[in-house]
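This report concerns only the one structure given below.
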DNA sequence: CATAATAGTGTATTTTTTACACTTAATTTT
DNA sequence: AAAATTAAGTGTAAAAAATACACTATTATG
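Chains as they are written, first to last, in this note's numbering: chain G, 6 to 228; chain L, 6 to 228.
Set out below in structure tokens:
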């Protein structure tokens with residue numbers, strides 16, 4: 006009943022995923038309610054144990070899919086948390102990832118290990134299990150700083166988007182309003198966008214041009 | 006003879022350390038020659054298995070001290086490498102760190118697990134064990150980018166240093182010469198330095214003022 | 001047809017970054 | 001002792017980047 010034996014003690018290794026989206030003009034994070042102890046019924050980041058033959062990133066994507074039904078997100082390794090006492094059961098080292106996706110695609114569904122799956126605005130978080138508050142905090146920091154020297158923000162809008170939507174993303178992550186003209190000048194000067202040709206419709210105001218990334222799916226580093 | 010048993014397979018976890026210094030006006034890295042298989046007699050980054058009751062950072066510092074005799078370096082987590090086949094023995098996940106120290110303090114001594122310990126200039130590296138070339142490459146990238154928005158460079162000079170020495174560090178990491186006046190203007194505008202009062206001596210030219218960090222040991226983020 | 005809502009556009013000012021050359025103080029050589 | 005060598009130390013002007021700022025355009029709604 007315990008057939009996996011080693012000459013030296015081995016820690017367990019998990020991945021945890023902080024998936025961000027923007028919901029109702031606020032940064033939000035995907036949490037699951039835990040089915041089993043420890044921290045039973047507590048909210049936690051999705052995640053789970055690394056399988057013997059999968060890479061770490063695959064593990065993160067698999068756990069996210071299994072627990073929440075969500076696929077196709079932008080994913081990046083964040084930090085590895087390994088304090089000896091971070092899990093009451095045994096030594097568990099967690100490789101934390103953060104992920105980004107536009108809200109529209111995402112309809113989370115509770116999976117096998119999770120009784121409930123739910124978006125929470127970052128300013129209205131419940132108590133979290135383990136050291137997940139630390140992970141979340143670091144993820145938010147990373148998101149903020151990386152905004153300035155990369156194109157991660159594009160992972161939070163749809164495939165085609167208006168400059169107004171994109172500006173909103175920047176404003177929400179930075180927590181401050183931006184000047185419209187300067188923002189547009191900056192974004193267009195990157196030469197990463199192509200006009201999709203189409204425009205918005207069904208909005209009760211002048212329709213905005215829709216843009217798309219010239220090279221979709223590619224993360225760019227600026228400067 | 007294999008008393009550590011678990012219900013599910015557990016990977017082994019190690020830390021590996023890429024310790025940089027500047028030696029003869031070049032970036033150099035500390036390597037050890039492996040005593041035992043796999044990759045016996047190969048050069049590798051110092052590192053080793055995480056003990057059950059130590060944090061990851063402690064593990065990195067302990068392994069560095071055990072294998073090379075070096076202590077008191079600046080240390081920062083880099084990335085976690087976990088491809089299933091990165092070690093031929095068993096599944097081993099490595100939490101990689103990078104470290105910085107001025108060359109003067111460092112007199113590496115071979116430890117128990119390492120037959121030899123030696124500095125190598127980055128432009129004259131031997132073949133490396135495992136995926137250590139990947140780790141090293143990522144570490145160097147991180148070093149370069151972090152130079153621009155933090156005070157890591159100060160970890161590569163002595164406690165007191167001249168502006169010329171500091172400029173050399175920036176030039177070596179960036180791989181290009183910098184303008185002396187602009188560099189000094191920039192560094193002094195950070196308001197992080199204090200004049201030590203003393204000057205260089207024993208050099209065959211005008212002696213430079215020696216500076217120190219106003220808050221030694223603190224890493225600052227710029228902008 | 002008036003109102004509401006967001007899209008879309010350009011210029012002047014300030015700040016930051018860059019380019020650039022000579023004098024000073026110590027040691028070494030002649 | 002004078003000359004040569006070596007790196008230290010210093011300021012200004014030009015270019016580039018970032019910032020501040022206000023009105024017109026286009027759609028839907030009442």
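Backbone N, C-alpha and C fix where the C-beta goes; we use that ideal spot for every residue, glycine too.
3 or more residues per run - each beta strand (DSSP E) lying fully within the segment 32-119 of chain G: 52-54, 79-86, 97-105
Residue range of the unbroken beta strand (DSSP E) whose run includes residue 26 of chain G: 17-28
Helix, strand or coil at residue 191 of chain G [DSSP, three-state]: helix
Counted within 10 angstroms of its Cβ, other Cβ atoms place residue 208 of chain L as buried (16 or more) or exposed: exposed
Cross-chain neighbours of residue 61 of chain L in chain G, by beta carbon under 9 Å: 85, 86, 87, 88, 98
DSSP three-state assignment for residue 216 of chain L, whether helix, strand or coil: strand
Whether residue 126 of chain G touches residue 33 of chain G by CB criterion (9 Å): yes
Stretch pair the segment 91-109 of chain G + the segment 125-145 of chain G: three plus CB contacts closer than 8 Å: yes
Chain L contact for residue 9 of chain G (CB, 9 Å cutoff): yes
Cβ shell of residue 43 of chain G (< 6 Å), same chain only, five flanking positions each side left out: 93
Interface partners of residue 57 of chain L on chain G, CB under 8 Å: 14, 16, 89, 96
Near-chain L residues of the segment 40-56 of chain G - C-beta to any C-beta below 9 Å: 54, 55, 56
Within chain L, partners of residue 82 of chain G - CB distance below 7 Å: 84, 85
Anticipated Cβ contact below 8 Å, residue 111 of chain G with residue 159 of chain G, distance rounded: Contact doesn't hold; Cβ gap of about 16 Å is too wide.
Cross-strand partners of residue 123 of chain L (DSSP beta bridge): L:36
Endpoints, the beta strand (DSSP E) within which residue 11 of chain G is located: 9-11
Pairwise C-alpha distance: residue 15 of chain L and residue 9 of chain L: 10 Å
Three-state class that DSSP yields for residue 134 of chain G in the structure shown: coil
Euclidean distance between Cα positions of residue 156 of chain G and residue 225 of chain G: 5 Å
Rounded separation between residue 214 of chain G and residue 106 of chain G - CA only: 22 Å
Helix, strand or coil at residue 175 of chain G according to DSSP, with G and I counted as helix: helix
Exposure label - residue 114 of chain G; buried when at least 16 CB within 10 Å: exposed
Through-space distance from residue 167 of chain L to residue 206 of chain L, alpha-carbon basis: 12 Å
For residue 174 of chain G and residue 180 of chain G, the rounded distance between their alpha carbons: 10 Å
Closest by C-alpha distance to residue 222 of chain G, when choosing among G:194, G:49, G:165: G:165
Residue 202 of chain G - containing beta strand (DSSP E), residue span: 198-204
Counted within 10 angstroms of its Cβ, other Cβ atoms place residue 146 of chain L as buried (16 or more) or exposed: exposed
CB contact flag (residue 129 of chain G, residue 23 of chain G, <9 Å): no
Same chain only: Cβ atoms within 6 Å of residue 47 of chain L, ignoring 5 sequence neighbours per side: 39, 134
Per-residue burial, residue 76 of chain L [other beta carbons within 10 Å of its own, 16 or more giving buried]: exposed
Buried or exposed (CB count within 10 angstroms, at least 16 for buried), residue 227 of chain L: exposed
Nearest to residue 176 of chain L (by Cα), restricted to the options L:163, L:194, L:153: L:153
Residues that residue 165 of chain L bridges to, as DSSP identifies them: L:217
Close-in-space but distant-in-sequence residues of the same chain around residue 91 of chain L (CB under 8 Å, 5 per side omitted): 97, 99, 135, 136
Cβ-Cβ distance between residue 58 of chain G and residue 89 of chain L below 9 Å: yes
DSSP bridge partner residues for residue 226 of chain L (one or two, in chain order): L:155
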